[in-house]
């Protein structure tokens, strides 16, 4: 193993080509390099495989703050927490009045592990969310008032300590830059015509940007909801078909059947 | 001895033999009937996938209470054969055989007797497997193996032969619902320990080094030995908790409520001594003098919520028995720990983790209730109805069964809009206006025909948006027999030019937004 490292001052060649043992300093440096780093990978919550490309480690980092905005943010939020929920994590919702729970169940959220807190008086908001961070592993918030800077910082610190994930949804304002922001764009529904059909599926393009490891922009093309009410990856339609579809020559059918 | 009833969630529903049924929890199949399996429905599939494979399949939401109540019938029958019955979960129970075996003339005779008694209670007698071995784990494997043979004759493993019986089995049998976590078993398989004989062949200290206490448990199980010895200690005698009910409780929910408080106190007491119960004896005394005692165990340690749930099951089962003699009321409930182990700090590593998270959520939720009041902390529950708002309701948390999961609510409602469902469902529907190309309000006739093509819409008097596409109307005529509650309304799906889809409802000439597909 040591032979494969190119450290000119570490390995001294003797005149006849046989390598002597390297000096102790480089061994320590080598040990530093191969010591396993604190497994940041363990401190994650799983996400649906279709959403994994949006995250630097392919999963939700515990202690992070995620913000979602754009048309389709609600569906995206539910899809985001669904995998963790179905694997045993509790999800708490505060301030997200009027969520559609049938849709949540279809997207895979386990309704037996959901806590919903409604009608929180503004003055109690920070205490309630702090208690919720203690209770559950994912907290979904849509505050209708401007959260104070200090409150947001304390909440983020508490969630980092507890290993929970904070999700700010419905484009609600958040005073501190979140670790990752997911933008839902280009919603396109399929299945509905002018007086016929029914809503079948929506194609959505989601882009992610944020701080540190999330700084490079990532994208994902999704069906959200897909034909079964759940989340699926969207494969790009070949240009020819897309052009003919625009011209109306090819009927708009739920996507993947045409891609062969 | 272990009695394993196949597909208990389906059997508890009392369906006709040969009918395809799938039981779901959280949109995934957890149990299927034999007919459904033949059609290709498998555990772990999503609902849509199951329905695609078998369109005639009846889909039912899981109800653990119903399963427990139904299983109590079976256990009642076994009461006459053996004094101590341990219920592992609805559908599976374990019986120590030393005494009964001597009484009935040997293990095979006992097994046959049990098999025929239980089989008589089931519609399909071959759905019950009985296995006898040296410990609960090999006996479980024997019971499951016996189900694979035609007619399901009971399987008796000679004393001491458990190790060689268990050896050829794959290591995956240790994963849940076995005693070890799935991840641990996966690691073992990846390391090359594919069969239990491989595990048994390793040095237990090596396994302990690599996997800790789990490794020792795995080694004992793979050798056919009992898994309980390494980390169990003698339960302190003063740990029995009792609650006296005065006046005696006549109804299950009264007694269950007292049982819940008792279970909480019991768990707290164990917590204080850093212990956790793996088997609990629950004794219910009635004023008629009868005592119903059952032993309960679970895959891992029993939390307060799990104990409270089992107290409820025991009361439920006893009350629903047709020949409950001189019942009287419940005057006393006793909780006795039978096996305790050290409560380990990292409990999720040993037993799977779901219980610990549930406990944490429950306790912190109690704090939330103290902050905002019980009505403000809610959980979703299926109601019944056609409109999106009726299909799922939010119910205050303390009215929801703590370990229940969604109840049956998936009955068909003809006329309801199929999936996908709107992700925003307005509790107080928002008024809307829909006009056609000439600016006239679009109305709906009694026959469900719209008076014009929806061209523009506005919500709550806001800015007008172009309508890109629309579908419907789906007409429903609800409660025609009730002059007060009669509703004839239609629902229309509308997509605006910006790509946002709404679910609108119209009654005569009034429009409103029921939900948005955000």
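Protein chains in written order, with the working numbering: chain A, 771 to 1030; chain B, 29 to 546. C-beta atoms are modelled at their ideal positions from N, C-alpha and C, and glycine is treated no differently. Given the structure is predicted, the values throughout are model-derived calculations rather than measurements.
Tell me whether residue i is buried or exposed, calling it buried when 16 or more other Cβ atoms sit within 10 Å of its Cβ.
i, result
"residue 894 of chain A", "exposed"
"residue 210 of chain B", "exposed"
"residue 325 of chain B", "buried"
"residue 883 of chain A", "buried"
"residue 916 of chain A", "exposed"
"residue 335 of chain B", "buried"
"residue 545 of chain B", "buried"
"residue 70 of chain B", "exposed"
"residue 190 of chain B", "buried"
"residue 946 of chain A", "exposed"
"residue 508 of chain B", "exposed"
"residue 807 of chain A", "Here residue 807 of chain A scores only 42 on pLDDT, less than 50, and its place in the model should not be relied on; the value that follows carries that caveat. It is exposed - the Cβ of residue 807 of chain A has fewer than 16 other Cβ atoms within 10 Å."
Check each candidate in the options and name the one with the smallest Cα separation from residue i.
i, options, result
"residue 480 of chain B", "B:469, B:40 and B:489", "B:469"
"residue 103 of chain B", "B:289, B:51, B:156 and B:54", "B:156"
"residue 6 of chain B", "B:453, B:384, B:272 and B:496", "No answer is possible for residue 6 of chain B: it lies beyond the span of chain B, which begins at 29 and ends at 546."
"residue 476 of chain B", "B:213, B:517, B:223 and B:74", "B:517"
"residue 203 of chain B", "B:170, B:242 and B:179", "B:242"
"residue 951 of chain A", "A:857, A:846 and A:865", "A:846"
"residue 78 of chain B", "B:90, B:64 and B:91", "B:64"
"residue 997 of chain A", "B:495, B:148, B:447 and B:165", "B:447"
"residue 314 of chain B", "B:537, B:188, B:299 and B:283", "B:283"
"residue 67 of chain B", "B:54, B:50 and B:56", "B:50"
"residue 146 of chain B", "B:182, B:111, B:125 and B:127", "B:182"
"residue 823 of chain A", "A:991, A:999 and A:980", "A:991"
"residue 967 of chain A", "B:541, B:445 and B:543", "B:445"
"residue 422 of chain B", "A:999, A:866 and A:975", "A:866"
"residue 117 of chain B", "B:357, B:293 and B:337", "B:337"
"residue 506 of chain B", "B:523, B:535, B:488 and B:528", "B:535"
So, helix, strand or coil for residue i, using DSSP?
i, result
"residue 549 of chain B", "The first residue shown for chain B is 29 and the last is 546, placing residue 549 of chain B beyond what the model contains."
"residue 40 of chain B", "coil"
"residue 522 of chain B", "strand"
"residue 1002 of chain A", "strand"
"residue 775 of chain A", "Only weak support exists for where residue 775 of chain A lies, its pLDDT of 37 falling under 50; the value from the coordinates is given anyway. The answer is coil: DSSP assigns residue 775 of chain A none of H, G, I, E or B."
"residue 973 of chain A", "strand"
"residue 919 of chain A", "helix"
"residue 896 of chain A", "helix"
"residue 939 of chain A", "coil"
"residue 530 of chain B", "strand"
"residue 311 of chain B", "strand"
"residue 135 of chain B", "helix"
"residue 475 of chain B", "coil"
"residue 323 of chain B", "strand"
"residue 70 of chain B", "coil"
Report the neighbours of residue i on chain A: residues whose CB is nearer than 7 Å to its CB, in chain order.
i, result
"residue 399 of chain B", "894, 897, 898 and 901"
"residue 523 of chain B", "959 and 962"
"residue 543 of chain B", "870"
"residue 393 of chain B", "885 and 905"
"residue 76 of chain B", "998"
Quick one: list the residues of chain B neighbouring residue i, beta-carbon separation under 9 Å, in chain order.
i, result
"residue 853 of chain A", "Chain B residues near residue 853 of chain A: none, gap ~12 Å exceeds 9 Å."
"residue 881 of chain A", "54, 407, 408, 409, 410, 420, 433 and 434"
"residue 856 of chain A", "54, 55 and 56"
"residue 995 of chain A", "447, 448, 449, 451 and 545"
Mind pulling the chain B residues with CB within less than 7 Å of residue i?
i, result
"residue 844 of chain A", "451, 452 and 546"
"residue 966 of chain A", "499"
"residue 868 of chain A", "452, 453, 454 and 455"
"residue 977 of chain A", "Within 7 Å Cβ-Cβ: nothing; residue 977 of chain A doesn't reach chain B, min ~16 Å."
"residue 848 of chain A", "451"
What are the residues that DSSP puts in a beta bridge with residue i?
i, result
"residue 187 of chain B", "Residue 187 of chain B pairs with nothing; no bridge assigned."
"residue 863 of chain A", "A:886 and A:910"
"residue 449 of chain B", "Paired residues: none, contrary to the question."
"residue 950 of chain A", "A:836 and A:980"
"residue 409 of chain B", "B:421"
"residue 485 of chain B", "B:462 and B:493"
"residue 967 of chain A", "A:962"
Which residues of chain A have a Cβ atom closer than 8 Å to the Cβ of residue i, listed in chain order?
i, result
"residue 404 of chain B", "887, 888, 889 and 890"
"residue 396 of chain B", "885, 887, 898, 901, 902 and 905"
"residue 389 of chain B", "860, 883, 885, 905 and 906"
Name the chain A residues whose beta carbon is nearer than 9 Å to that of residue i?
i, result
"residue 529 of chain B", "957, 959, 962, 969 and 972"
"residue 385 of chain B", "858, 859, 860, 883, 906 and 907"
Going along chain B, which residues have a C-beta under 8 Å from residue i?
i, result
"residue 841 of chain A", "526, 527, 528 and 546"
What residues of chain E sit near residue i, judged by a beta carbon separation below 9 Å?
i, result
"residue 875 of chain A", "Of the chains in the structure shown, none is chain E; the protein chains are A and B."
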